[in-house]
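Participant:
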Ligand code: DX5
Ligand code: ZN
């Protein structure tokens, strides 16, 4: 089980300090939400911020690109210190070349899917990715309520992974707290992005350990 605190929910005036807090918490990954004001109706931060934050967190930088034109951003984020980059399946015919590009930069590949998008759209890419990100809110903002209707997507992706003998991670993102993390773990998720529910806690380390433990105890229920 991997817990990935999302920097989007941290104090924007102190990114370095917040990333260091996430580092001390023992979280395996730091999730970095990149919003372009076009693919989603909000703007977050760019490669320079990621580059400056990089020295403060020693482990995996999980860059989630909610962007209409990731092709212009892959190299800058790779140089800034991304370890993995996730692009959205809603980009259609651009997806395959983008995944190739991420791979050619030596980074882990991810594909994300929004709540209204049909899950069949990700199936052709499963053998090309290290991560499938099931969005459990409509992307754009932190602090939104979890959309429970997305849980069957997690179950279906987990079933496909089994049937196809693949090993990608299944990540959930949006409205993840201890309760919804357990629901997603039962469905087969193994990687949990959590912004508001973690960064709001005074003791981030304790919150990360608790979420990881609860998720680990929630064995997947095969269907
Ligand atoms: C939503 C982002 C999420 C966000 C989650 O557009 O992709 O990563 O940070 O935040 P919470 O956990 O607050 O829903
Ligand atoms: Zn995200």
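Numbering (this note's numbering), first residue to last: 903 to 1125. A virtual CB, placed ideally from N, CA and C, is assigned to each residue, including glycine. Since the model is a prediction, treat every value here as computed from it, not as a measurement.
#1: Leaving out five residues on either side along the sequence, give the residues of the same chain with a beta carbon under 6 Å from the beta carbon of residue 990.
#2: For residue 1073, write down the residues that DSSP places opposite it in a beta bridge.
#3: Using C-beta distances below 8 Å, list every residue in its chain close to residue 993, excluding the 5 sequence neighbours before and after it, in chain order.
#4: What are the boundary residues of the beta strand (DSSP E) that residue 968 is part of?
#5: According to DSSP, is residue 1017 part of a helix, a strand, or is it coil?
#6: Is residue 906 near residue 953, with beta carbons less than 8 Å apart?
#7: Is residue 1095 a contact residue of the ligand ZN, with contact defined as CB to any heavy atom under 7 Å?
#8: Would you mind sorting residue 1121 into buried or exposed? The rule is 16 or more other CB atoms within 10 Å of its CB.
#9: Per DSSP, residue 908 forms a beta bridge with which residues?
#10: What number of angstroms, rounded off, separates the C-alpha of residue 1079 from the C-alpha of residue 922?
#11: For residue 1103, which of helix, strand or coil comes out of DSSP?
#12: Which residues does DSSP list as the beta-bridge partners of residue 986?
#13: Would you mind giving the Cβ-Cβ distance between residue 1039 and residue 1053, rounded to the nearest angstrom? I have them listed as a contact below 8 Å.
#14: Under 7 Å from any heavy atom of the ligand DX5, does the C-beta of residue 1075 make it?
#15: Give the DSSP-derived three-state secondary structure of residue 913 in the structure shown.
#16: Taking residue 1123 as the reference, which of 1112, 1086, 1105, 1095 has the closest Cα?
#17: Comparing the CB of residue 935 with every heavy atom of the ligand DX5, is any distance shorter than 7 Å?
#18: Apply the 10 Å Cβ neighbour rule to residue 1045 and answer buried if 16 or more other Cβ atoms are within range, or exposed otherwise.
#19: Can you list, in chain order, the residues of its chain with a C-beta nearer than 6 Å to that of residue 1114? Leave out the 5 residues immediately preceding and following it.
Facilitator: This is what the structure holds:
#1: Counting from 1 along the chain shown, the entry for residue 990 is found at position 88. These residues qualify, in order along the chain: 1014.
#2: Looking up residue 1073 in the chain shown gives position 171. According to DSSP, residue 1073 bridges with 1035, 1093.
#3: To locate residue 993, count along the chain shown from 1; it is residue 91. Only 970, 972, 1000 meet the Cβ criterion.
#4: Residue 968 sits at position 66 when you count from the first residue of the chain shown. Here the beta strand (DSSP E) through residue 968 covers 962–968.
#5: As a first step, residue 1017 is located in the chain shown; it is residue number 115 there, counting from the start. Of the three classes helix, strand and coil, the one that applies to residue 1017 here is coil, per DSSP.
#6: Translated into positions along the chain shown, residue 906 becomes position 4. Translated into positions along the chain shown, residue 953 becomes position 51. It is not a contact, given that the beta carbons lie outside the stated cut-off.
#7: Residue 1095 sits at position 193 when you count from the first residue of the chain shown. Result yes, Cβ under 7 Å from the ligand ZN.
#8: Sequence index remark: in the chain shown, residue 1121 carries index 219 (1-based). By the neighbour-count rule (16 or more Cβ atoms within 10 Å), residue 1121 is not buried but exposed.
#9: Residue numbering aside, residue 908 sits at position 6 when the chain shown is read from its first letter. DSSP, once it has assigned bridges, lists 933 as partnering residue 908.
#10: As a first step, residue 1079 is located in the chain shown; it is residue number 177 there, counting from the start. As a first step, residue 922 is located in the chain shown; it is residue number 20 there, counting from the start. So the two alpha carbons sit approximately 21 Å from each other.
#11: By 1-based counting over the chain shown, the position of residue 1103 is 201. In this structure, residue 1103 counts as coil in the three-state DSSP scheme.
#12: Translated into positions along the chain shown, residue 986 becomes position 84. 964, 1010.
#13: Taking the first residue of the chain shown as position 1, residue 1039 is located at position 137. Taking the first residue of the chain shown as position 1, residue 1053 is located at position 151. Incorrect: roughly 13 Å between the Cβ atoms, too far for contact.
#14: Locating residue 1075 in the chain shown gives position 173, counting from the first residue. Yes, the beta carbon of residue 1075 sits closer than 7 Å to at least one heavy atom of the ligand DX5.
#15: Counting from one through the chain shown, the residue named residue 913 turns up at place 11. In the three-state reduction of the DSSP assignment, residue 913 falls in the coil class.
#16: Your numbering for residue 1123 matches position 221 in the chain shown. Comparing Cα-Cα distances from residue 1123 to each of 1112, 1086, 1105, 1095, the minimum goes to 1086.
#17: Here residue 935 refers to the residue found at position 33 of the chain shown. The answer is yes for residue 935.
#18: As a position in the chain shown, residue 1045 is number 143, starting the count at 1. Exposed: under 16 other Cβ atoms inside 10 Å.
#19: For the purposes of this step, residue 1114 is taken as residue 212 along the chain shown, with counting starting at 1. Within the same chain, residue 1114 has close Cβ partners 903, 905.
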